[in-house]
Structure formats: C-alpha cells, structure tokens
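Novice: Mapped onto UniProt numbering, the consecutive letters of the sequence shown carry residue numbers 1 to 156.
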Amino acid sequence: MKIDLQHGLPIVSLTLTHNNQSIILLNVLFDTGCAATVFDTDVLAQIGIYIDFINGRAKRKYGVGGTSEICYEQIIPELQIEHFALKTLPVQLGSIQETYGFDGILGIDFMINSKCKVDFELMKITFFNYNERFPLSGSRLFFAIYKKLLHPLTQQ
Numbered sequence: 001m002k003i004d005l006q007h008g009l010p011i012v013s014l015t016l017t018h019n020n021q022s023i024i025l026l027n028v029l030f031d032t033g034c035a036a037t038v039f040d041t042d043v044l045a046q047i048g049i050y051i052d053f054i055n056g057r058a059k060r061k062y063g064v065g066g067t068s069e070i071c072y073e074q075i076i077p078e079l080q081i082e083h084f085a086l087k088t089l090p091v092q093l094g095s096i097q098e099t100y101g102f103d104g105i106l107g108i109d110f111m112i113n114s115k116c117k118v119d120f121e122l123m124k125i126t127f128f129n130y131n132e133r134f135p136l137s138g139s140r141l142f143f144a145i146y147k148k149l150l151h152p153l154t155q156q
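1) Would you decide whether E73 is buried or exposed? Buried here means 16 or more other CB atoms lie within 10 Å of its CB.
2) When you compare only the Cα positions, how much space is there between T88 and D31?
3) Could you tell me if A36 is buried or exposed, where buried requires 16 or more neighbouring beta carbons within 10 angstroms of its beta carbon?
4) Where does A58 sit, in a helix, a strand or coil, going by DSSP?
5) At what residues does the alpha helix (DSSP H) containing F110 begin and finish?
6) For the candidate residues Q80, G8, F53 and D52, whose alpha-carbon lies nearest to that of I24?
7) Spatial neighbours of Y114 within its chain, please: C-beta separation below 6 Å, excluding the five flanking residues on both sides.
8) I96 to G107, Cα distance in whole Å?
9) Helix, strand or coil for I96? Go by DSSP, reduced to three states.
10) Can you give the Cα-Cα distance for L29 and R57, rounded to whole angstroms?
11) Would you call the CB atoms of residue 159 and I51 closer than 8 Å?
12) Let me know if Q92 comes out buried or exposed under the rule of 16 or more other beta-carbons within 10 Å of its beta-carbon.
13) Could you tell me which residues DSSP puts in a beta bridge with G104?
14) Answer with buried or exposed for P120, where buried requires no fewer than 16 other C-beta atoms within 10 angstroms of its C-beta.
15) Considering just the uninterrupted stretch of the beta strand (DSSP E) at L79, what are its terminal residues?
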C-alpha cells in the first residue's frame, strides 16, 4: 500500500470488501494517533454496510483541539480491508467525510492487528502475510514473538 503525503498528512488508497461487493477508497488517513479505525457511513452504505443500532454502540470520538462527534462502533465480520479480514476488530462508522474530508481513518487498532510495517523512506505499508513461505537458506531468519505467536522475519 503506497503512502501519499497530502498537505503533510499520510493518505492511502485501499479496497474494502463486504459480501462480495468492493469499493476503492482513495482518501483514507493513515493515523497512528487514532485509537480506532473509522469509515464514513455514506461510503460504507455503497457496499451494504449500515449502522447497527441494536448490536453496535455509540461512542464519542475526540479530535485534535477537543472537537468531538458521535460514531457507532460495531463488528462487521464479513468486512475486509485489502486482504485482511476484520473478523473481530470493531470498526467505527461516522460522518467523517463531511467533517474531516476523509473516506476513512485507519487507526492504530488496525495497524496492530494487521501487523503492518511502515517504511517512510519508500513511503509504503506492507502487511504480514501468514501464507507466505520464508526462505530457509540464503538469508538468516529472525523470529519475533508477538502475543505468543512466532513471526519469521527476514533480515534485509
């Protein structure tokens, strides 16, 4: 995933998929300072995702400067961001396009769960691929322990 700096902000494009319907979001803020991932309600409605007033819950989201707005947090098991399925990760839905001008905000919750790696020199984001086979010769392998799971990492 490529990072594009727009007015000093890291913006990414990504594909959201829900029940075999996909949409490409061109204006998503990649925000390490945001605790939760948020998508605009009007954007998600295009692929059949709506606020679930029964199973979701209202949360107040605070921005820089103390401004706040109400979002609805819910789990959408069929939702995918790129190749990463959000089976148990709560997502917030709110009117952020009108307020902030973004289709969505990728928060630190998604970054940690997808085990993304950000390279600001190359301006790109890569995600850990559980299906990728790592070479067992030719380069040294390192293992990182993260939440009781061994992740092989190749030395670059």
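Glycine is no exception: its CB is placed at the ideal position from the N, C-alpha and C atoms. Note that the structure is a prediction, hence the values are computed from the model and not measured.
Specialist: Quick answer:
1) buried
2) Distance between the alpha carbons of T88 and D31 is about 20 Å.
3) buried
4) strand
5) Unbroken alpha helix (DSSP H) run through F110: I108 to S114.
6) Q80
7) Looking at the sequence itself, residue 114 is Ser, so the reference to Tyr does not match. Excluding sequence neighbours, S114 sits near F84 and F127.
8) 14 Å
9) Residue state for I96 is assigned as helix, using DSSP reduced to three classes.
10) Whole-angstrom Cα-Cα distance: 23 Å.
11) Lying outside 1 to 156, the shown extent of the chain, residue 159 is not represented and no answer is given.
12) buried
13) DSSP lists V28 and F39 as the beta-bridge partner residues of G104.
14) One point to set straight first is that residue 120 is Phe, not Pro, in the sequence displayed. Label assigned to F120: exposed.
15) Taken as a continuous stretch (DSSP letters only), the beta strand (DSSP E) holding L79 covers L79 to I81.
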